[in-house]
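15 is the number of the first residue of the sequence shown in our numbering; add one for each residue after it.
A short worksheet on the structure shown next.
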Amino acid sequence: MSHALHRYFHANASGSTGSNGSSSDVKTIGAPYALVTGATGGMGEEWALQLAELGFNIIIQGRNRTKLEAVKAQISKRHAAASSRNAGDAVDVRLLVCEATIYPNAGLTDGLAAVLSDSSIRLTVLINNLGVNVTHFPRLEDTRSEEIAEIVIANSFFPAETARICLPHLKRHQPALLVTVTSLGAWATPPYLAPYIGTKGFDVAFSDSLRNEQISEGTQVDVVCMAPGQVQSGMCNEPVGLMIPTSKDWVTSAIASLRSTWWTPVPAAVIAPWTPHAWGQWFTALAPRCIIGPMSRNIIKDLKAKEVDARKGL
């Protein structure tokens, strides 16, 4: 099978770096698995749907079993209708039901280890997509301590712990992919989002350091930090436009940006896959803070006003 993620769609079960990724071998021993966190809706759901359409078996994580079952049913329905698959090649969808905002987290640590202990699961892709935030743009001093803890644990500890558990499996079945989804806010640093933006900065540095670690060790685990701006999803209900794509369109562009070619055999360290977002990342990375600061403040001021109006029913 040849598609954007062909580098990771292979039959390597030994950890050898010489896997040729032939589709005939995959047909013999079964497709590899991709794990998507935060997969009960929005971008996470789209990652799961589109990875399944590429042929991967899927492990989906979320805290709501009912919602995960609905995503599983949707994947199975789409897959059954796809003409590219034979009737006997049904996609396998596993559920990982666990909370992301607590520590210690036995549901994650023990639950994920149990899922991956199945010798039939060859994990080659991890999408650290899960993210949480408060929705009403509070001042830091008006934010409850518990809310700050939940944001920091879910957005920083959870992806790091998921990566820690998955890395031995990704190395065993390399070439493999480890994506952590951050936010353009890590560069723009808007107000009234300090805990959330702080965790997104952690994700950028964590991903870059882990990438350098894998390169230093000579592995073929490709570590990538994905940087979306606003995307219409559970965390953003703004109208779709040039700067606000749908979750489906953003994930489509994200997968396309990961394609391995002869001139770019591995994906870049940091990718803003949606082109208008990439312009924004480039601008915020190069422009002086005296320009970026007022722009960020004005954007959040408008969003905060809309949120207040929405709560008033205007």
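Yeah, the Cβ is synthetic: ideal placement off N, Cα and C, and Gly gets one too.
Under 7 Å, do I167 and V50 count as touching if we go by C-beta distance?
Not a contact, by the Cβ cut-off of 7 Å.
Measure the Cβ-Cβ separation of W293 and W264 and say whether it is below 7 Å.
For W293 and W264, no; Cβs fall outside 7 Å.
Determine the direct distance from the alpha carbon of I258 to that of N251, and round the result to whole angstroms.
Here the alpha carbons of I258 and N251 stand approximately 10 Å from one another.
Report the rounded CA-to-CA distance for A208 versus R108, giving the unit in angstroms.
Straight across, the Cα-Cα distance linking A208 with R108 is about 35 Å.
Beta-carbon within less than 8 Å of E83's beta-carbon, same chain only, minus the 5 sequence neighbours each way: which residues are those?
If we look at E83 and ignore the five residues flanking it on each side, its Cβ neighbours are L109.
Let me check understanding here. Comparing Cα to Cα, which of P302, T278, N119, R79 lies closest to L19?
For the residues P302, T278, N119, R79, the minimum Cα distance to L19 belongs to T278.
Who pairs with V284 in a beta bridge, going by DSSP?
Answer by DSSP bridge pairing, in chain order: C239.
Please confirm if the stretch 48-68 is in contact with the stretch 128-141, defined as three or more CB-CB distances below 8 Å between the two stretches.
Enough Cβ pairs lie closer than 8 Å, so yes.
Output needed for T233: all residues of its chain with C-beta closer than 7 Å, excluding positions within five of it in sequence on either side, in chain order.
Shown here for T233: same chain residues with a beta carbon closer than 7 Å to its own, the five before and five after excluded, namely K185, Q188 in chain order.
Test item: CB-CB of Y210 and I314 under 7 Å
For Y210 and I314, no; Cβs fall outside 7 Å.
K320 classed as buried or exposed, judged by whether at least 16 other C-beta atoms fall within 10 angstroms
Counting Cβ neighbours within 10 Å, K320 comes out exposed, since fewer than 16 surround it.
In angstroms, rounded to a whole number, what distance separates the CA positions of V129 and L181?
L181 has its alpha-carbon roughly 14 Å from the corresponding atom of V129.
Thinking just about the alpha-carbon of each residue, which of M249, H291, T266 is nearest to the one in H150?
The option with the nearest alpha carbon to H150 is M249.
Please report whether the beta-carbon of D156 lies at a distance below 7 Å from any beta-carbon of chain D.
Among the chains of the structure shown, chain D does not appear; only one protein chain is present.
How do the stretch 237-246 and the stretch 220-227 stand: do at least 3 beta-carbon pairs fall below 8 Å, yes or no?
Contact between the stretch 237-246 and the stretch 220-227 is established, with three or more Cβ pairs separated by less than 8 Å.
Beta strand (DSSP E) segment containing T260, residue limits
Note, T260: premise wrong, no beta strand (DSSP E); not H, not E.
Could you tell me the alpha carbon to alpha carbon distance between E59 and N143, rounded to whole angstroms?
Their Cα atoms are separated by approximately 10 Å.
Measure the C-alpha to C-alpha separation of Y22 and T157 and round it to an integer number of angstroms.
One alpha carbon belongs to Y22, the other to T157, and they sit about 42 Å apart.
In DSSP terms, what L354 is bridged to
The requested residue 354 is not part of the displayed model; the chain covers only 15 to 328.
Bounding residues of the alpha helix (DSSP H) (the contiguous stretch that carries V107):
Annotation: V107 is outside any alpha helix (DSSP H); the continuous beta strand (DSSP E) that includes it extends over 107-111.
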